[in-house]
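J.: Each position in the sequence shown, counted from 1, maps to that position plus 29 in the working numbering. Glycine included, C-beta positions come from ideal geometry on N, C-alpha and C. Quick one: structure below, then a few questions.
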Amino acid sequence: MSGIRHRLRPAVPAFLHRLAPRTLRGRLSLVALATAALLMLVLTVAFNVVAQHRLQHQADDELRTRAAAVATTVDTSGTTVHVLETSHDELLDTNVWIYAGRRLLEEPPNPGRLTHVADALAGRGGQRCVTADVDGPLRLCSQPVSGEKSEATVVTALDLSPYRSSADTLLLGSLALDVVMLACTYALTRLAVGHALRPVRTMTDQATQWSAVASEERFGSRRHPVELARLGTSLDAILDRIRTLLRHERQLTGELSHELRTPLSRIIAELDWWQTRPRTADQTHATHKVIAEAAQSMRTICDTLLDDARGGTLTAPGTADVLPALRRLTELPPVPGHLTVTADGPHVEAGVPSALLERIISPLLTNACRYAHSKVAVRAYRAPDGVRVEVIDDGPGVPPSFAGQLFEPGQRADPGDGHGGAGLGLPLARRLARSAGGEVTYDPGHTPGARFVVSLPAG
Numbered sequence: 030m031s032g033i034r035h036r037l038r039p040a041v042p043a044f045l046h047r048l049a050p051r052t053l054r055g056r057l058s059l060v061a062l063a064t065a066a067l068l069m070l071v072l073t074v075a076f077n078v079v080a081q082h083r084l085q086h087q088a089d090d091e092l093r094t095r096a097a098a099v100a101t102t103v104d105t106s107g108t109t110v111h112v113l114e115t116s117h118d119e120l121l122d123t124n125v126w127i128y129a130g131r132r133l134l135e136e137p138p139n140p141g142r143l144t145h146v147a148d149a150l151a152g153r154g155g156q157r158c159v160t161a162d163v164d165g166p167l168r169l170c171s172q173p174v175s176g177e178k179s180e181a182t183v184v185t186a187l188d189l190s191p192y193r194s195s196a197d198t199l200l201l202g203s204l205a206l207d208v209v210m211l212a213c214t215y216a217l218t219r220l221a222v223g224h225a226l227r228p229v230r231t232m233t234d235q236a237t238q239w240s241a242v243a244s245e246e247r248f249g250s251r252r253h254p255v256e257l258a259r260l261g262t263s264l265d266a267i268l269d270r271i272r273t274l275l276r277h278e279r280q281l282t283g284e285l286s287h288e289l290r291t292p293l294s295r296i297i298a299e300l301d302w303w304q305t306r307p308r309t310a311d312q313t314h315a316t317h318k319v320i321a322e323a324a325q326s327m328r329t330i331c332d333t334l335l336d337d338a339r340g341g342t343l344t345a346p347g348t349a350d351v352l353p354a355l356r357r358l359t360e361l362p363p364v365p366g367h368l369t370v371t372a373d374g375p376h377v378e379a380g381v382p383s384a385l386l387e388r389i390i391s392p393l394l395t396n397a398c399r400y401a402h403s404k405v406a407v408r409a410y411r412a413p414d415g416v417r418v419e420v421i422d423d424g425p426g427v428p429p430s431f432a433g434q435l436f437e438p439g440q441r442a443d444p445g446d447g448h449g450g451a452g453l454g455l456p457l458a459r460r461l462a463r464s465a466g467g468e469v470t471y472d473p474g475h476t477p478g479a480r481f482v483v484s485l486p487a488g
């Protein structure tokens, strides 16, 4: 038996959970209906209790009025109580008992068992009322009649059936009114909640239609109630964060593709050259070495960009000898006919890892080699606040109208100029330099060609 009870207990809440409405509109309407039902139940009970009390009070007033009328026919001036004969005695004698002390002087015709109730009520003395169920509900009241030398008691009775019928009619009427009111409450609540939740449905439809990246629409641009306005503001903030994350993801993907293109091209070129004709063992070893160096470069590029994307800070801070790092970059094709790398002193050290230094300078050098007519110069030197690296070319330079967009991702001065590139190298170089406490700037006053300056902390 205990096992059966344990199985039934979880089944009941699960059954009630299935019966509960699934929509917020239905649940709010059900809550409003239950609240209204409880309130109307209390009001109905209180109303009917008051109505029954009022009807009983009316019955008692009528009995006392009849008793007072009958008392006028009772003579208590002498030592013996006498009942005076008057006209219309049959009306006054209906359901009336007259007692002298405990002695019954007069009773209605065919009183039946009701006389025993009247005897008990008269024997208790004073002004009292009781309800008896003798062949139907009856109300009896006793009224003492005092005289100079004797006393009498008049007991009157009244059939409560009409009053009970009125009370039942009031109860049925109040219950019918409760049902109507509950139905109206439920219907009006559903209409009101549906109207109040209409902006939520509109916001839901809008959210399914909008693109988090492409669309500029936001919930906060529309007029809503205060609660929905706060919800819209929170959703707008979430959309902005999603848009930012997606933009960063696209930017990281583009930067990885941009930076990996050069070492990947070296690997493909070496493999193509190696397959075109038979190679000696030394040549095969050299090819393997070039491919290994390119693969290591790709790994370094991925680690550097991913570290920057994760937190914008270096995971392995260190120092780099600038000149060897620059010379490693100049070994990567393609290079112009005349490229010079100089440094003020044999040991110019920057306070960044060598891999990060190469990733900062590489886009600038690639850009200079792409647009230079014949010369590219890279120069490193110490400055009072750190280390400077200049990348200069004798190409067409940057149009003055485009200088303000030079470091914006995806922007190119002339996409149809015949040169490759996605407009990601310069923004990447600046961002990586700033992550290390440095900066990349463009010198608009340099002519002819372009001059970029990388500022880094000293090692």
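Give me the Cβ distance between residue 386 and residue 351, rounded to the nearest whole Å; I'm assuming they're in contact under 8 Å.
T.: So it is a contact: roughly 7 Å between Cβ atoms.
J.: Got a sec, what are the start and stop residues for the beta strand (DSSP E) residue 436 sits in?
T.: Looking at the DSSP string, residue 436 is not in any beta strand (DSSP E), and its letter there is neither H nor E.
J.: So, residue 416 versus residue 407, is the Cβ gap smaller than 8 Å?
T.: Not in contact: residue 416 and residue 407 (Cβ atoms no closer than 8 Å).
J.: With DSSP run on the structure shown, which of helix, strand or coil describes residue 95?
T.: In this structure, residue 95 counts as helix in the three-state DSSP scheme.
J.: Suppose the cutoff is 6 Å on Cβ atoms and the five residues either side in sequence are ignored; what does the same chain contact list for residue 348 look like?
T.: Taken in chain order, the residues that qualify are 378, 380 and 488.
J.: Can you give me the start and stop residues for the beta strand (DSSP E) that residue 422 sits inside?
T.: It spans 415-422 - the beta strand (DSSP E) in which residue 422 sits, taken as one unbroken run.
J.: Would you call residue 126 buried or exposed, if buried means 16 or more other Cβ atoms sit within 10 Å of its Cβ?
T.: So residue 126 counts as buried.
J.: Are the CB atoms of residue 163 and residue 174 nearer to each other than 8 Å?
T.: No; because the gap between Cβ atoms is not below 8 Å, this pair is not in contact.
J.: By how many angstroms is the C-alpha of residue 134 removed from the C-alpha of residue 91?
T.: Roughly 23 Å separates the two Cα atoms.
J.: Let's see if you can read the secondary structure: which residues bound the alpha helix (DSSP H) around residue 391?
T.: Unbroken alpha helix (DSSP H) run through residue 391: 383-400.
J.: Across which residues does DSSP place residue 160 in a beta bridge pair?
T.: According to DSSP, which records beta bridges pairwise, residue 160 is partnered with 168.
J.: Quick check: the stretch 171-188 against the stretch 90-105, are at least 3 beta-carbon pairs closer than 8 Å?
T.: In short, these stretches touch, since the Cβ pair count reaches three.
J.: Mapping the DSSP letters down to three states, classify residue 113 as helix, strand or coil.
T.: Here residue 113 sits in coil by DSSP.
J.: Here's the rule I'm using: 16 or more other beta-carbon atoms within 10 Å means buried, otherwise exposed. How should residue 459 be labelled?
T.: With 16 or more other Cβ atoms within 10 Å, it is buried.
J.: Taking 7 Å as the limit between beta carbons, can you name the residues of its chain near residue 376, skipping five residues before and five after?
T.: Closer than 7 Å at Cβ, skipping near neighbours: 350.
J.: Here's the rule I'm using: 16 or more other beta-carbon atoms within 10 Å means buried, otherwise exposed. How should residue 171 be labelled?
T.: Residue 171 comes out buried.
J.: Can you tell me which residues form a DSSP beta bridge with residue 411?
T.: Residue 411 pairs with 416.
J.: Taking buried to mean at least 16 other C-beta atoms within 10 Å of its own C-beta, is residue 421 buried or exposed?
T.: So residue 421 counts as buried.
J.: I'd like the list of long-range same chain contacts for residue 473, defined as Cβ closer than 6 Å, with 5 residues on each side in sequence excluded.
T.: 432.
J.: Output the distance between the C-alpha atoms of residue 257 and residue 271, rounded to the nearest integer angstrom.
T.: So the two alpha carbons sit approximately 21 Å from each other.
J.: Who are the near neighbours of residue 320 in its chain, counting only those whose CB is closer than 6 Å to its CB and skipping five residues on each side?
T.: The residues are 296 and 299.
J.: For residue 131, count the other beta carbons within 10 Å of its own beta carbon; 16 or more makes it buried, fewer makes it exposed. Which is it?
T.: So residue 131 counts as exposed.
J.: Quick one: measure Cβ to Cβ for residue 323 and residue 292, integer angstroms, because I've assumed they're closer than 8 Å.
T.: About 4 Å separates the two Cβ atoms, so the contact holds.
J.: Taking the runs of the alpha helix (DSSP H) that are 4 residues or longer, which of them lie wholly in the stretch 179-244?
T.: Fully enclosed alpha helix (DSSP H) runs of 4 or longer: 190-238.
J.: Alpha carbon to alpha carbon, what distance is there between residue 99 and residue 129?
T.: Roughly 14 Å separates the two Cα atoms.
J.: When the distance is taken between beta carbons, is residue 189 closer than 8 Å to residue 168?
T.: In contact: residue 168 and residue 189 (Cβ atoms closer than 8 Å).
J.: Give the C-beta separation of residue 479 and residue 405 to the nearest angstrom, bearing in mind that I take them to be a contact with Cβ-Cβ under 8 Å.
T.: Residue 479 to residue 405, Cβ: 10 Å. No contact.
J.: Under 8 Å between the Cβ atoms of residue 123 and residue 140?
T.: Cβ atoms of residue 123 and residue 140: not closer than 8 Å.
J.: Got a sec, what are the start and stop residues for the alpha helix (DSSP H) residue 351 sits in?
T.: Counting along the chain, the alpha helix (DSSP H) containing residue 351 begins and ends at 351-359.
J.: If I'm right that residue 73 touches residue 203 with Cβ under 8 Å, what's the distance once you round it to whole angstroms?
T.: Sure, about 5 Å apart at Cβ, within 8 Å.
J.: Tell me which residues share the same chain as residue 58 and place their Cβ nearer than 8 Å to its Cβ, disregarding the 5 neighbours each side in the sequence.
T.: Contacts found: 50, 215, 218, 219 and 222.
J.: Between residue 412 and residue 434, what straight-line distance do the alpha-carbon atoms span, to the nearest angstrom?
T.: Distance between the alpha carbons of residue 412 and residue 434: 28 Å.
J.: Am I right that residue 80 and residue 206 are in contact with their C-beta atoms under 8 Å? What's the rounded C-beta distance?
T.: About 13 Å; that fails the 8 Å criterion.
J.: Tell me the DSSP secondary structure of residue 465 in three-state form.
T.: Of the three classes helix, strand and coil, the one that applies to residue 465 here is coil, per DSSP.
J.: Let me confirm a value: residue 382 is counted as buried when at least 16 other C-beta atoms fall within 10 Å, else exposed. Which label applies?
T.: When all chains shown are included, residue 382 counts as buried.
J.: Quick one: residues in its chain with C-beta nearer than 6 Å to the C-beta of residue 111, no 5 flanking neighbours on either side, listed in chain order?
T.: Closer than 6 Å at the Cβ level, and outside the excluded window around residue 111, lie 104.
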